[in-house]
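Colleague: Quick one: the structure is below, and I'll ask about it shortly.
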Amino acid sequence: MDPPFTIGEYTVRSKVGQGPQSTVWKAEQKCSGEVVALKQVYLSKLNRNLKTSLDCEINFLSSVSHPNIIRLLHVFQAEGCIFLVLEFCSGGDLESYIRHHGRVQEWVARKFMQQLGAGLEVLHSHHIIHRDLKPENILLSGPESDVLLKIADFGLSRTVHPGEHAETVCGTPMYMAPEVLRFKKYDEKVDMWSLGAILFELLNGYPPFRGRTNVQVVPLP
1 MDPPFTIGEY
11 TVRSKVGQGP
21 QSTVWKAEQK
31 CSGEVVALKQ
41 VYLSKLNRNL
51 KTSLDCEINF
61 LSSVSHPNII
71 RLLHVFQAEG
81 CIFLVLEFCS
91 GGDLESYIRH
101 HGRVQEWVAR
111 KFMQQLGAGL
121 EVLHSHHIIH
131 RDLKPENILL
141 SGPESDVLLK
151 IADFGLSRTV
161 HPGEHAETVC
171 GTPMYMAPEV
181 LRFKKYDEKV
191 DMWSLGAILF
201 ELLNGYPPFR
211 GRTNVQVVPL
221 P
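See below:
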């Protein structure tokens, strides 16, 4: 369906992005006019692990309020889909920012890392592993002169308590930690590896690795 159209209390205006299991729309709340991001998750496309990740995403975002984590406003179900109503970030994502600006100055990279580290600290204190940290899943809010980064897209997240480990291979190969690529058990430290890969990309304008699959990822010469 092409916008504009109405779903629940919201008028959908445009498509922001699309993945295998979900579509993100820019929408307005019909009564207040508030602009939001509407994440439409197709339940028919979710296997058991992805349903667990969706529950994890909703439970975590419902329980936390932090400036560097995307804010969940409401959840509802309609037409065989779960809709997550999220704050709308007008600055786009970090991938587009890097593509437009190229390599950034060290003070900018430091500021961005402090923000992402603060968000990750909250995430890990709730025993959540994001498992797909990459520039595309980091949103920008506020004016460019004082941009605020927000960790988003928890579609692959999982709860892992102390002493436990995850085993599922998931994420984006260029930002995945070696233990994930090698099909080994892992914990929240894999998010720190992804953060390091993002830092490299901020300072150089390109990612530290290349490849679409785990066997293709090799260091750049």
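Numbering (the UniProt record's numbering), first residue to last: 1 to 221. The beta-carbon is built from N, C-alpha and C at its ideal position, and this holds for glycine as well.
Report buried or exposed for residue 210, applying the criterion of at least 16 other Cβ atoms within 10 angstroms of its Cβ.
Modeller: For this step, residue 210 is matched to residue 210 along the sequence shown. Residue 210 is exposed by the Cβ-count criterion.
Colleague: Enumerated in chain order, which unbroken segments of the beta strand (DSSP E) with a length of 3 residues or greater are wholly contained in the segment 59-138?
Modeller: Positions of the beta strand (DSSP E) runs, each at least 3 residues long and wholly inside the segment 59-138, are given as 72-78 and 81-87 in order along the chain.
Colleague: Check residue 182 in the structure and name its three-state DSSP category.
Modeller: Along the sequence shown, read from residue 1 onward, the residue named residue 182 stands at position 182. Three-state result, residue 182: coil.
Colleague: Rounding to the nearest angstrom, what Cα-Cα distance links residue 64 and residue 207 in this structure?
Modeller: For the purposes of this step, residue 64 is taken as the residue at position 64 of the sequence shown. For the purposes of this step, residue 207 is taken as the residue at position 207 of the sequence shown. Approximately 30 Å between the Cα atoms of the pair.
Colleague: Tell me, please, whether the segment 55-75 touches the segment 151-160 by the rule of three or more beta-carbon pairs shorter than 8 Å.
Modeller: The segment 55-75 is in contact with the segment 151-160.
Colleague: Residue 178: buried (16+ other C-beta within 10 angstroms of its C-beta) or exposed?
Modeller: For the purposes of this step, residue 178 is identified with residue 178 of the sequence shown, where counting begins at 1. It counts as exposed.
Colleague: Rounded to whole angstroms, what is the Cα-Cα separation between residue 46 and residue 21?
Modeller: Locating residue 46 in the sequence shown gives position 46, counting from the first residue. Locating residue 21 in the sequence shown gives position 21, counting from the first residue. So the two alpha carbons sit approximately 7 Å from each other.
Colleague: Any idea which residues DSSP pairs residue 14 with across the strands?
Modeller: Position 14 of the sequence shown holds residue 14. In DSSP, residue 14 forms a bridge with 26.
Colleague: Report the three-state DSSP secondary structure of residue 147 (helix, strand or coil).
Modeller: Here the question's residue 147 lines up with position 147 in the sequence shown. Here residue 147 sits in coil by DSSP.
Colleague: Going by CA-CA distance only, name the one from 175, 188 and 145 that's closest to residue 165.
Modeller: Residue mapping note: residue 165 aligns to position 165 of the sequence shown, counting from 1. It is 188.
Colleague: List the endpoints of the continuous alpha helix (DSSP H) containing residue 189.
Modeller: Here the question's residue 189 lines up with position 189 in the sequence shown. From DSSP, the alpha helix (DSSP H) with residue 189 extends over 189-204.
Colleague: Could you tell me if the beta carbon of residue 80 falls within a distance shorter than 7 Å of some heavy atom in the ligand GTP?
Modeller: Looking for the ligand GTP in the displayed structure turns up nothing, as the structure carries no ligands at all.
Colleague: Given a cut-off of 8 Å on the beta-carbon distance, is the pair residue 60 and residue 194 in contact?
Modeller: Reading the sequence shown from its first residue, position 60 is the one you call residue 60. Reading the sequence shown from its first residue, position 194 is the one you call residue 194. No, they are not a contact pair.
Colleague: List the endpoints of the continuous beta strand (DSSP E) containing residue 224.
Modeller: Because the chain in this structure spans residues 1 to 221, residue 224 falls outside the shown range and cannot be described.
Colleague: Where does residue 140 fall in DSSP's three states?
Modeller: Position 140 of the sequence shown, counted from the first residue, corresponds to residue 140. Strand.
Colleague: Report the partner residues of residue 6 according to the DSSP bridge assignment.
Modeller: One-based indexing of the sequence shown puts residue 6 at position 6. As DSSP reads the structure, residue 6 sits in a beta bridge with 11.
Colleague: Helix, strand or coil: which one does DSSP assign to residue 52?
Modeller: For the purposes of this step, residue 52 is taken as the residue at position 52 of the sequence shown. Three-state DSSP puts residue 52 in a helix.
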